[in-house]
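In this note's numbering, the protein residues as written are 4 to 394.
All C-beta atoms in this analysis are idealised placements derived from N, C-alpha and C, irrespective of residue type, glycine included.
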Amino acid sequence: MNRRHFLRRCGAAGTSLLATSALLSGCIPTTAKRAGVQRSYLAPDTSFTSGACGLPPVHVAAEREIRTVVGLRPYRPSGFVVRMEQLGDTRVVHNYGHGGAGITLSWGTSKLAVDLGAPGHRGPVAVLGCGAVGLANAILLQEAGYEVTIYAKALPPETTSNIAGGQWFPAYLSDPAKRTPEFNAQLLAAADYAYRRYQIMVGPRYGVRWMRNYFLNHKAFNESGYIGTQSPLRAMMPEYRDLASGEHPFAGYEHVRQLDTPIIEPPVYLAAMLDEFRIAGGKVQVRELADRAAIIALPEKLVFNCTGLGAKGLFDDAELTPVKGQLTILLPQPEVQYAVAHGDLYMFPRSDGILLGGTHEEGNWSLAPDLERKREILAEHKAFFDAFRAC
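Put into structure tokens, the structure is as follows:
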């Protein structure tokens, strides 16, 4: 079946796709395993009925580390760019600068970009970049009926998106002081579309599932922030509530807020997305475009720029800067099915391991792990989880 036709039929039928995912899990041989798969992919585990009591702590130890990775977030203080410019006879639509929210917003900003640049165009289309943003942009163009070629210097699993944690959250997106009303409107539209799109991708095929999140603070939350009661994204946070001190094991934290979000596993998700693109007839060329002249020379006269940090040199974006992020991954711990963030530290579990972060070093281009910071992160996480209390 033509995938575009299938998506048109199913795009608004999230529950049908979720039901299909549940049926597919019937291949698991035991009832217990089927229940585990359904709970993991269809909803967070809420078997702990009294707040967060009963959460299993993460076993943090240096000997459980399986890797430490570094990625560079493409950060712009004023936020991501979705706009169009003309280079000779080539129309370029920019879609980059997502900070730490590339996977989170990829579908949404790509929808904005396609709606901006595609109407009226006839002929093939090029997409620059094959990370989460480039793949989402390319697939949306295919769904709109275009023949698409991706040009990229790296493909999954070698993209920056593969290093991302994958939690659905607008992290390190922009400087609040530099956001404009126009950007805020774009952000809300992009987040809304991405949030709905991921809901019809829940299941093992794409590595998308729902997860319970706990945000901890020693002071009252900023209620106008992204997880605040006045957040423009508040409607995208089911199971949102504050927990009393007797409802959670987090010693020393007076303010605890829970909410559910999708989590996306990049190794699974990006491989599936690239497969989908190719199955639908998409072409991929592994090559780096060095300058604007190389873009103008492409046979496609509509080009979507999803190069992330690469846009700094390619399009002379002086505002675009790297924010170095470092993650240490521990052996998987299947009983841990929740995420937690406190201060600069955060943890969330994936099937390939427990992710511990984090760092955000603006202006640092180094891809080398900081071993001292890794030791500090491990020690701080160990102290946190060792302090879990009964409740």
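Exposed or buried, residue i, counting other C-beta atoms within 10 Å across all chains shown (16 or more means buried)?
| i | result |
| --- | --- |
| proline 160 | exposed |
| lysine 315 | buried |
| valine 289 | exposed |
| leucine 374 | exposed |
| alanine 139 | buried |
| proline 179 | exposed |
| glycine 137 | buried |
| tryptophan 110 | buried |
| leucine 334 | exposed |
| alanine 238 | exposed |
| glycine 148 | exposed |
| phenylalanine 388 | buried |
| alanine 64 | exposed |
| threonine 52 | Low local confidence applies: a pLDDT of 47 at threonine 52 is under 50, so the model's placement there is unreliable, and no value is given. |
| glutamate 303 | buried |
| glutamine 89 | exposed |
| threonine 183 | exposed |
| glycine 91 | exposed |
May I ask you to report which of helix, strand or coil DSSP gives residue i?
| i | result |
| --- | --- |
| arginine 79 | coil |
| valine 339 | coil |
| tryptophan 368 | coil |
| valine 211 | strand |
| lysine 222 | coil |
| proline 265 | strand |
| glutamate 393 | For clarity, residue 393 is alanine in the given sequence; the question names glutamate instead. In the structure shown, alanine 393 sits in coil (DSSP, three-state: anything other than H, G, I, E or B). |
| methionine 87 | strand |
| histidine 258 | strand |
| tyrosine 196 | helix |
| glutamine 202 | helix |
| aspartate 320 | coil |
| tyrosine 149 | coil |
| proline 179 | helix |
| proline 270 | helix |
| arginine 378 | helix |
| proline 252 | coil |
| glycine 137 | helix |
| valine 61 | coil |
| aspartate 278 | helix |
| methionine 295 | With the sequence shown as reference, residue 295 is identified as arginine, and methionine is not the correct amino acid for it. Helix. |
| threonine 34 | At threonine 34 the pLDDT is 34, less than 50, meaning the model places this residue with poor confidence and gives no usable figure here. |
| proline 325 | strand |
| arginine 237 | helix |
| glycine 120 | helix |
| glycine 111 | helix |
| glycine 74 | strand |
| leucine 21 | Low local confidence applies: a pLDDT of 32 at leucine 21 is under 50, so the model's placement there is unreliable, with the coordinate-based value given in what follows. Helix, per DSSP. |
| leucine 301 | coil |
| glycine 313 | helix |
| isoleucine 106 | helix |
| alanine 55 | coil |
| glutamate 383 | helix |
| serine 400 | One cannot answer for residue 400 here, as it falls past the ends of the chain, which runs 4 to 394. |
| proline 184 | helix |
Measure the alpha-carbon distance for residue i versus residue j and round it to whole angstroms.
| i | j | result |
| --- | --- | --- |
| isoleucine 203 | arginine 353 | 19 angstroms |
| alanine 129 | tyrosine 154 | 7 angstroms |
| histidine 384 | glutamine 170 | 18 angstroms |
| tyrosine 229 | glycine 366 | 24 angstroms |
| valine 40 | asparagine 220 | Confidence at valine 40 is low in this model, with a pLDDT of 44, below 50, so its placement is unreliable and the value that follows should be read with caution. C-alpha separation (whole angstroms): 32 angstroms. |
| alanine 390 | alanine 55 | 15 angstroms |
| threonine 152 | leucine 246 | 49 angstroms |
| glycine 168 | leucine 312 | 18 angstroms |
| leucine 262 | lysine 377 | 28 angstroms |
| isoleucine 332 | arginine 70 | 5 angstroms |
| proline 173 | glutamine 329 | 17 angstroms |
| isoleucine 142 | threonine 163 | 19 angstroms |
| alanine 300 | alanine 382 | 52 angstroms |
| glycine 255 | glycine 361 | 20 angstroms |
| isoleucine 298 | valine 287 | 15 angstroms |
| valine 339 | proline 59 | 6 angstroms |
| proline 270 | alanine 188 | 31 angstroms |
Using DSSP's beta-bridge definition, name the partner residues of residue i.
| i | result |
| --- | --- |
| glutamate 68 | Leu333 |
| valine 417 | Within the shown structure, residues of the chain are numbered from 4 to 394, placing residue 417 beyond reach of any answer. |
| phenylalanine 307 | Val96 and Val130 |
| methionine 350 | Val343 and Leu359 |
| glutamine 170 | Ile266 |
| aspartate 245 | Arg260 |
| tyrosine 217 | Gln261 and Val343 |
Any beta-carbon of chain B closer than 8 angstroms to the one on residue i?
| i | result |
| --- | --- |
| alanine 55 | No chain B appears in the structure shown, which is made up of a single protein chain. |
**Q.** Validate contact between the segment 304-324 and the segment 75-93 using beta carbons, cut 8 angstroms, 3 pairs
**A.** Per the Cβ contact rule, the segment 304-324 is in contact with the segment 75-93 (3 or more Cβ pairs under 8 angstroms).
Q. Three or more beta-carbon pairs under 8 angstroms between the segment 272-282 and the segment 231-251, yes or no?
A. no
(Q) Counting beta carbon pairs with one atom in the segment 263-271 and one in the segment 208-226, are three or more of them shorter than 8 angstroms? (A) yes
Q: Spell out a yes or no on whether the segment 245-260 and the segment 115-125 are touching, meaning 3 or more CB-CB pairs, one atom from each, closer than 8 angstroms.
A: no
(Q) Would you call the segment 88-104 in contact with the segment 344-360, where contact means no fewer than 3 C-beta pairs closer than 8 angstroms? (A) no
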